[in-house]
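Residue numbers (our numbering), protein chains in the order written: chain A, 1 to 161; chain B, 162 to 332; chain C, 333 to 443; chain D, 444 to 798. Glycine is no exception: its CB is placed at the ideal position from the N, C-alpha and C atoms.
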Amino acid sequence: MGLPMELRQNVLITSVDKLVNWARGASLWPVAFGLACCAIEMMAAGTSRFDLSRFGAEVFRPSPRQADLMIVAGTVTTKMAPAVRRIYDQMAEPKYVIAMGACTIAGGPFQGSYSTVPGIDNFVPVDVHVPGCPPRPDALLWGIMKLQEKIRTQSIADQRR
Amino acid sequence: MIAPTEALVAGSFYTFAAIALAGAIGVVLARKVFHSALFLVLTLASLAATFVILGADFLGAVQIVIYVGAITVLILFGIMLTPRNVELPESSGVGRSTAGVFVAAAVFIVSTTVIVTSQWPRSMSTPIPDRPTTEAIGQGLFTTYALPFEMASILLLIAMIGAIVIAREEQ
Amino acid sequence: MPQELPPLYPISLQHGLLLGAALFSIGIAGALTRRNAITILMSIEVMLNGTIVTFVTFARYAPTADLAGQIFSIFIMTVAAAEAAVGLAIVIAVYRLRHTVSVDAVDTLQG
Amino acid sequence: MNCPTDNFICNPFLYFHLAANAIFRDHLPEPLGTIIVLALTVAMVTTLIALIVMSQVWAERRIVGFMQGRLGPNRVGPAGLLQSVADAVKLLLKEIIIPTQADKIPFMLAPLLVLVPSLVVWSIIPWGPGLSVTDLNIGVLFVLGLGGIPTIGILTAGWASSNKYALLGGMRAAAQLIAYEIPLVIVVLVPVLLAGTMSLGGIVEAQSNLWFLFFLPVGPVAFLLFLVAGIAEVNRSPFDLPEAESEIVAGFHTEYSGMPFALFFLAEYANSFAVSAMTTTLFLGGWGGPILPPFIWFFLKTYAVFFVLVWIRGTLPRLRYDQLMRTAWKVALPLALVTLGVAAIELSLIRSLLG
Numbered sequence: 001m002g003l004p005m006e007l008r009q010n011v012l013i014t015s016v017d018k019l020v021n022w023a024r025g026a027s028l029w030p031v032a033f034g035l036a037c038c039a040i041e042m043m044a045a046g047t048s049r050f051d052l053s054r055f056g057a058e059v060f061r062p063s064p065r066q067a068d069l070m071i072v073a074g075t076v077t078t079k080m081a082p083a084v085r086r087i088y089d090q091m092a093e094p095k096y097v098i099a100m101g102a103c104t105i106a107g108g109p110f111q112g113s114y115s116t117v118p119g120i121d122n123f124v125p126v127d128v129h130v131p132g133c134p135p136r137p138d139a140l141l142w143g144i145m146k147l148q149e150k151i152r153t154q155s156i157a158d159q160r161r
Numbered sequence: 162m163i164a165p166t167e168a169l170v171a172g173s174f175y176t177f178a179a180i181a182l183a184g185a186i187g188v189v190l191a192r193k194v195f196h197s198a199l200f201l202v203l204t205l206a207s208l209a210a211t212f213v214i215l216g217a218d219f220l221g222a223v224q225i226v227i228y229v230g231a232i233t234v235l236i237l238f239g240i241m242l243t244p245r246n247v248e249l250p251e252s253s254g255v256g257r258s259t260a261g262v263f264v265a266a267a268v269f270i271v272s273t274t275v276i277v278t279s280q281w282p283r284s285m286s287t288p289i290p291d292r293p294t295t296e297a298i299g300q301g302l303f304t305t306y307a308l309p310f311e312m313a314s315i316l317l318l319i320a321m322i323g324a325i326v327i328a329r330e331e332q
Numbered sequence: 333m334p335q336e337l338p339p340l341y342p343i344s345l346q347h348g349l350l351l352g353a354a355l356f357s358i359g360i361a362g363a364l365t366r367r368n369a370i371t372i373l374m375s376i377e378v379m380l381n382g383t384i385v386t387f388v389t390f391a392r393y394a395p396t397a398d399l400a401g402q403i404f405s406i407f408i409m410t411v412a413a414a415e416a417a418v419g420l421a422i423v424i425a426v427y428r429l430r431h432t433v434s435v436d437a438v439d440t441l442q443g
Numbered sequence: 444m445n446c447p448t449d450n451f452i453c454n455p456f457l458y459f460h461l462a463a464n465a466i467f468r469d470h471l472p473e474p475l476g477t478i479i480v481l482a483l484t485v486a487m488v489t490t491l492i493a494l495i496v497m498s499q500v501w502a503e504r505r506i507v508g509f510m511q512g513r514l515g516p517n518r519v520g521p522a523g524l525l526q527s528v529a530d531a532v533k534l535l536l537k538e539i540i541i542p543t544q545a546d547k548i549p550f551m552l553a554p555l556l557v558l559v560p561s562l563v564v565w566s567i568i569p570w571g572p573g574l575s576v577t578d579l580n581i582g583v584l585f586v587l588g589l590g591g592i593p594t595i596g597i598l599t600a601g602w603a604s605s606n607k608y609a610l611l612g613g614m615r616a617a618a619q620l621i622a623y624e625i626p627l628v629i630v631v632l633v634p635v636l637l638a639g640t641m642s643l644g645g646i647v648e649a650q651s652n653l654w655f656l657f658f659l660p661v662g663p664v665a666f667l668l669f670l671v672a673g674i675a676e677v678n679r680s681p682f683d684l685p686e687a688e689s690e691i692v693a694g695f696h697t698e699y700s701g702m703p704f705a706l707f708f709l710a711e712y713a714n715s716f717a718v719s720a721m722t723t724t725l726f727l728g729g730w731g732g733p734i735l736p737p738f739i740w741f742f743l744k745t746y747a748v749f750f751v752l753v754w755i756r757g758t759l760p761r762l763r764y765d766q767l768m769r770t771a772w773k774v775a776l777p778l779a780l781v782t783l784g785v786a787a788i789e790l791s792l793i794r795s796l797l798g
């Protein structure tokens, strides 16, 4: 996959990696959608007390085409799951997913219910899980910073296409 | 010897004229109406450029304001309000097409012959040096051509009311 | 005796007139061959623009005191705007009645 | 500050101009040298636009942040100054999605149709005395003409996306632009009438004694109308109905991602800067001002107007569509006509009184 190992540490690749990862991490625009109570906490993360915008991530894009980050905030029901997957598919690469709250991670209090998906890992690749029921806005900020850490370890040499 | 800047001006005139002609052919030949409208924009905009090169800078700007800014937008609106025309089969019978092309070719040949063979007065062989047009046009519109000007405004008013009456949904 | 066309430089009266004539003819071809009413309207706009080009060229080369050619071009544009507005209104009214914009569908008056 | 054109403090681009001329025009055959110098000028103006747009995006996010009791972007670079750079780099490197159903060539053409006119406007903005790429004698008309072309781009974007929200957004944008262009054109005639010229440089010079904003009673009304119609022209909040996310997703650029979307974004900010610059030029005396060099005055005033735009955005909720249209046709248009009439009468009265 990708480049041979001896080229990985090439100056050109590593410095381009640094720039690209810095830019991607510093401007994570989320899709504007929320499913349940976690969404309220997600909105609170954008307000003055917690201020998501300090990390450049307050630009909630209404269209998934322009967003980089999908924060799945709230219980995903089996009826909603195709819609969530569809929004994920509509996003442009590179795209990241944060699963926010117990319900999205594992079904939460509704686990085993006939209508609830036991965790969104079943149908979208999740980058960061933010536990809590619901997690506080600080926890979402923590999740975004974790995601930035993860982005920093990426390399363009690994990209498949 | 040709002065280089003037050669540049002449060259841009012919370039824009060619673009305008290509756009006009596109208007006629494009299969989708929407593409025709975009070609029309191309034609009108490059004609505005040729007007500027021909010393009519005010007219060039007016061309962009009225034609590109208003009439094309109106046409695009018309296209979007009549969505089913996208699938309209465009070939309208071989007979009518050949007749149309024949008429157009005849008009073109006749006018070209007239233009090429006419004895134009000597005084018209060189361009009039550039002069400020805005003021001259304004003066003309309010003195010599005041009557046509007023009639044009009345025409616009009538057209506006007529268009509203025709296009309005019956209540 | 036919006057010879001057070389491409400088832009001559004849070249401007030829551009106008070509645009006008292309417009005629479009107006006569297309069926879509909106395309026909656009072809008419191309024809009107051919006329404007002719007027502007004459204003450039005819030694008159005022800019009659350019002023007339402005009148042409006014008429073109009025024509486009009324024409599109008619097209939309026809579309509402017949659900098509083909000019062939609007031939009831032929009897 | 009294500023001769050949003073380096007054005309910071003089170095560039002289150097470019010395390098290219003196050593190359004639049309080539001119073309290269022109291309360099274009490149410089484009770079300037990119820098200004980045500063605007940063300023807007910080100012709105402070207005809402937040901090705004402050993690990327000193005080978040590199935030726009990060956004730009990210958008450049994002995937460009072209929907299967889209009309491909118009789809990719639309962002250019929107962007290019808003960049061309910058070529005639007078930054200082004699300091513009070109000073046309029909400058005002030129600006108005260029203001109409993005409408076509927006309609194209809406139609070519083959997405109903994009189409609705495009239609809305076009209807709004047409509605507000009319009062805008009429109200622009007020400074033209007062200055007696359509050249932007001439209009600025005519304001050396009195800004047209203070030409009572029509000045303030015309200024306000111009600002309102200008905000509506560039689709900024509270007139951002074409991209109202609560109703029609992202409007005409719903289907655009990556670079084409960045072009729309760039065009929006380049346009709002152009509106600020035009307000400055037409009503606030342009580059005129004491002590400081003219171009600094120009930037100060323009950024002040831009601050007002941000302030309005941070304060007012979005209008409803019928309110928007009613404002345009039933308030702005008659008011603009009355303003123009009063200005004409007042001017002729003043002329006859002063002989």
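If distances are taken between C-alpha atoms only, which option among the options comes closest to residue i?
i       : options                               : result
A462(D) : G784(D), V480(D) and G701(D)          : V480(D)
P30(A)  : Q154(A), L141(A) and E149(A)          : L141(A)
G74(A)  : A36(A), R54(A), T153(A) and A45(A)    : A36(A)
N122(A) : F60(A), I156(A) and V76(A)            : V76(A)
G46(A)  : L483(D), I478(D) and V507(D)          : V507(D)
A361(C) : F195(B), F177(B), S258(B) and T233(B) : S258(B)
R61(A)  : L610(D), V485(D) and E686(D)          : E686(D)
A603(D) : L587(D), F658(D), P542(D) and G590(D) : P542(D)
P137(A) : F110(A), E149(A) and I71(A)           : I71(A)
A638(D) : S651(D), A486(D) and L514(D)          : S651(D)
V748(D) : L796(D), V633(D) and T723(D)          : T723(D)
L350(C) : V385(C), L364(C), V378(C) and S434(C) : V385(C)
L598(D) : V631(D), N580(D), V628(D) and A553(D) : A553(D)
I403(C) : L317(B), E330(B) and L308(B)          : L308(B)
Span of the beta strand (DSSP E) holding residue i?
i       : result
V96(A)  : Reading off the sequence shown, one finds Tyr at residue 96(A), where the question assumed Val. It spans Y96 to M100 - the beta strand (DSSP E) in which Y96(A) sits, taken as one unbroken run.
H196(B) : No beta strand (DSSP E) holds H196(B); the alpha helix (DSSP H) holding it covers V194 to I214.
V130(A) : V128 to V130
V124(A) : Looking at the DSSP string, V124(A) is not in any beta strand (DSSP E), and its letter there is neither H nor E.
I71(A)  : L69 to A73
Am I right that residue i and residue j are in contact with their C-beta atoms under 8 Å? What's the rounded C-beta distance?
i       : j       : result
A672(D) : Y712(D) : Going by Cβ atoms, the distance from A672(D) to Y712(D) rounds to 18 Å, so no, they are not a contact pair.
V532(D) : A23(A)  : 4 Å
I322(B) : L399(C) : Actually they do not touch by this definition, with Cβ atoms about 31 Å apart.
T176(B) : L201(B) : Not confirmed; about 19 Å, so no contact.
A414(C) : I276(B) : About 29 Å separates the two Cβ atoms, so there is no contact after all.
Confirm, please, whether the CB-CB distance from residue j to residue i is below 8 Å.
i       : j       : result
F669(D) : F726(D) : yes
P521(D) : S561(D) : no
V128(A) : Y88(A)  : no
V785(D) : V647(D) : no
A417(C) : L235(B) : yes
F219(B) : T294(B) : yes
V117(A) : A81(A)  : yes
L242(B) : I424(C) : yes
A102(A) : P64(A)  : no
V664(D) : L778(D) : yes
G728(D) : I225(B) : no
Q544(D) : G757(D) : no
A720(D) : T745(D) : yes
A529(D) : S15(A)  : no
R392(C) : G216(B) : yes
With respect to the alpha helix (DSSP H) encompassing residue i, which residues constitute its N-terminal and C-terminal limits?
i       : result
A363(C) : L345 to T365
M43(A)  : C37 to G46
I793(D) : L776 to L796
Just to check, is the beta-carbon of residue i closer than 7 Å to a non-hydrogen atom of the ligand ZN?
i       : result
A529(D) : As far as ligands go, the structure on display features none, and thus does not contain the ligand ZN.
- Item | Three or more C-beta pairs below 8 Å linking the stretch 357-375 of chain C and the stretch 184-192 of chain B | Verdict: yes, contact present.
- If we count Cβ pairs, one from each stretch, closer than 8 Å, do we get three or more for the stretch 573-587 of chain D versus the stretch 203-217 of chain B? No: fewer than three Cβ pairs fall under 8 Å.
- Flag this pair as touching only if the stretch 725-739 of chain D and the stretch 675-686 of chain D have three or more C-beta atom pairs under 8 Å; answer yes or no. Touching, no, given that fewer than three Cβ pairs across the two stretches are closer than 8 Å.
- Task: Could you tell me whether the stretch 636-645 of chain D touches the stretch 690-699 of chain D, where touching means 3 or more Cβ pairs closer than 8 Å?
- Result: Contact between the stretch 636-645 of chain D and the stretch 690-699 of chain D is absent, because fewer than three Cβ pairs lie under 8 Å.
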